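Undergrad: First residue of the sequence shown: 44, per my numbering; consecutive thereafter.
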Amino acid sequence: MSELSTGTTGSTSAVAVSAAAVSALISGPGPRLRPIANQCSASSCPTVYLDADSGTLVIQGYDVPRGQEGVDVPEGESLVRVPIELLVEAMTSLT
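1. Mind checking who ILE102 pairs with in its DSSP beta bridge?
2. Please classify VAL131: does DSSP put it in a helix, a strand, or coil?
3. Verify whether the separation of the beta carbon atoms of PRO89 and VAL114 is less than 8 Å.
4. If I measure Cβ to Cβ from ASP96 and keep anything under 7 Å in the same chain, skipping five residues before and after, which residues do I get?
5. For ILE102, collect the residues of the same chain with a Cβ closer than 7 Å to its Cβ; drop the 5 residues on either side in sequence, then sort them by chain order.
6. Find out if the Cβ-Cβ distance for the pair ILE79, LEU130 is shorter than 8 Å.
7. Assuming ASP106 contacts SER121 under a Cβ cut-off of 8 Å, what Cβ separation, rounded to an integer in Å, is found between them?
Below you can see the structure in the form of structure tokens.
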């Protein structure tokens with residue numbers, strides 16, 4: 044598999060990132076949460092961070108008010124709204 048592959052099925056797009064690409068990003072020095080994609084130059088807008096300690100993504104976005112989600116969200120979890128382009132940019136930056 045290449046480091047980044049994309050595909051489209053109907054109206055759904057898929058992005059796959061290799062483990063090697065993610066490993067290279069999380070093994071380097073730097074702060075625990077590293078921004079890998081954002082929608083503006085300020086820190087108060089939707090941003091995708093790479094958590095270098097766990098190799099997971101942390102998403103900063105606009106809260107979806109409880110009761111308006113249409114899904115059961117367990118205590119301790121929340122839904123946030125981010126532009127699709129932000130996630131595409133984040134996945135692209137992982138290569």
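Just so it is clear, CB atoms sit at the ideal spot from N, CA and C, and this is done for glycine as well. Model, not experiment: these values are computed from the prediction.
TA: From the atom records:
1. VAL91.
2. Residue state, collapsed to three classes: helix.
3. No; because the gap between Cβ atoms is not below 8 Å, this pair is not in contact.
4. Answer for ASP96: ARG75, listed in chain order.
5. These residues qualify, in order along the chain: VAL91, VAL123, VAL125.
6. With respect to the 8 Å criterion, ILE79 and LEU130 are not classified as neighbours on the basis of their beta carbons.
7. The Cβ separation is near 7 Å, so the contact holds.
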